[in-house]
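Novice: Just passing along the structure, written as structure tokens.
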Amino acid sequence: NAGVTQTPKFQVLKTGQSMTLQCAQDMNHEYMSWYRQDPGMGLRLIHYSVGAGITDQGEVPNGYNVSRSTTEDFPLRLLSAAPSQTSVYFCASSAGNSGNTIYFGEGSWLTVV
Amino acid sequence: GENVEQHPSTLSVQEGDSAVIKCTYSDSASNYFPWYKQELGKRPQLIIDIRSNVGEKKDQRIAVTLNKTAKHFSLHITETQPEDSAVYFCAARMNRDDKIIFGKGTRLHILP
């Protein structure tokens, strides 16, 4: 049971490039989400999903796309990277909407130059 | 919009003293309130949580209280130890759409 797995752990992008952050969980969790963490800003919700085939926007969705074709995977796509997207990204999952524990991945450190 | 406010942003306490961190939330229908601890370079880890049908919950030196009328909840750490130094986040699950919104965090320093 690996929990929530994110890749890559570190990435440097040039402005305008696109990339995908991968997230997978092996706990059969329905709920998955992506957060970004910036100094002094806490954890801000980008996108989330309450089940396969369902996604919705969080607090800061602009510049990011997501899809949820399977229960296990929830990739985050940066369409055209900007320096403002330099951040630490965390994927998270939980069993459902009944207040179950949210488990975080180890984080992905992204720098856009 | 929906939000969670957390205070203070930084807190320093003497080792052995108590620390209190407070959060308020905007969605009166929120039903789940977890607290996370994050050490430098690590992922956030759950330390305690409370549901909307409970007013208080304790786990050894950590306790959380919830006031639904006032829409605020607090984390209490007693007999603080050096290993309690970290950033602490509160969060609230919005009942309407299941979003989980976090506060901006409190950096807790335990002074020797």
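From first to last, the protein sequence lines are chains A and B. Start counting at 1 in the first sequence, then tack on 115, and there's your number in this note's numbering. Start counting at 1 in the second sequence, then tack on 1486, and there's your number in this note's numbering. Beta carbons: idealized from backbone N, C-alpha and C, even for Gly.
Just to confirm before moving on: does the CB-CB distance between A/Asp171 and A/His162 stay below 8 Å?
Specialist: Their beta carbons are under 8 Å apart, which means A/Asp171 touches A/His162 by this criterion.
Novice: Would you please verify whether the beta carbon of B/Gly1591 is less than 8 Å from any beta carbon of chain A?
Specialist: So yes, B/Gly1591 belongs to the interface.
Novice: Going along chain A in order, which residues have a C-beta closer than 9 Å to the C-beta of B/Leu1597?
Specialist: In chain order: nothing, as chain A lies at least about 22 Å away.
Novice: Do A/Tyr146 and A/Val165 have their C-beta atoms closer together than 8 Å?
Specialist: A contact, by the Cβ cut-off of 8 Å.
Novice: Checking contacts by CB at 8 Å: is A/Val229 closer than that to chain B?
Specialist: The question about residue 229 of chain A has no answer, for chain A in this structure spans 116 to 228.
Novice: Does chain A have any CB closer than 8 Å to the CB of B/Ile1463?
Specialist: Since the first residue shown for chain B is 1487 and the last is 1598, residue 1463 of chain B is missing from the structure and cannot be characterised.
Novice: Does A/Leu136 have its Cβ less than 8 Å from a Cβ in chain B?
Specialist: So no, A/Leu136 is outside the interface.
Novice: What ranges does the beta strand (DSSP E) occupy inside the stretch 1547–1578 of chain B, keeping only unbroken runs of at least 3 residues that lie completely in it?
Specialist: Runs of the beta strand (DSSP E) inside the stretch 1547–1578 of chain B: 1548–1553 and 1558–1563.
Novice: Among A/Leu160, A/Gly211 and A/Gly157, which has the Cα closest to the Cα of A/Met142?
Specialist: Answer by Cα proximity: A/Gly211.
Novice: Do you know whose CA, among B/Gln1492, B/Ala1578, B/Ser1495 and B/Ile1587, lies nearest B/Leu1538's CA?
Specialist: Reading the sequence as shown, one finds Ser at residue 1538 of chain B and not Leu. Taking only the C-alpha atoms, the option nearest B/Ser1538 is B/Ala1578.
Novice: Would the beta-carbon of A/Arg183 fall within 8 Å of that of A/Ala167?
Specialist: For A/Arg183 and A/Ala167, yes; Cβs fall inside 8 Å.
Novice: Do B/Phe1575 and A/Leu158 have their C-beta atoms within less than 8 Å of each other?
Specialist: Their beta carbons are under 8 Å apart, which means B/Phe1575 touches A/Leu158 by this criterion.
Novice: Rank A/Ser195, A/Leu160 and A/Phe125 by C-alpha distance to the C-alpha of A/Ser134 and give the top, closest one.
Specialist: The sequence shown places Met at residue 134 of chain A, not Ser. That would be A/Ser195, whose Cα lies nearest to the Cα of A/Met134.
Novice: Taking a Cβ distance cut-off of 9 Å, strictly less, list which residues of the stretch 151–174 of chain A are near chain B, in chain order.
Specialist: Here the close residues are Gln152, Gly155, Met156, Gly157, Leu158, Arg159, Leu160, Tyr163, Val165, Asp171, Gly173 and Glu174.
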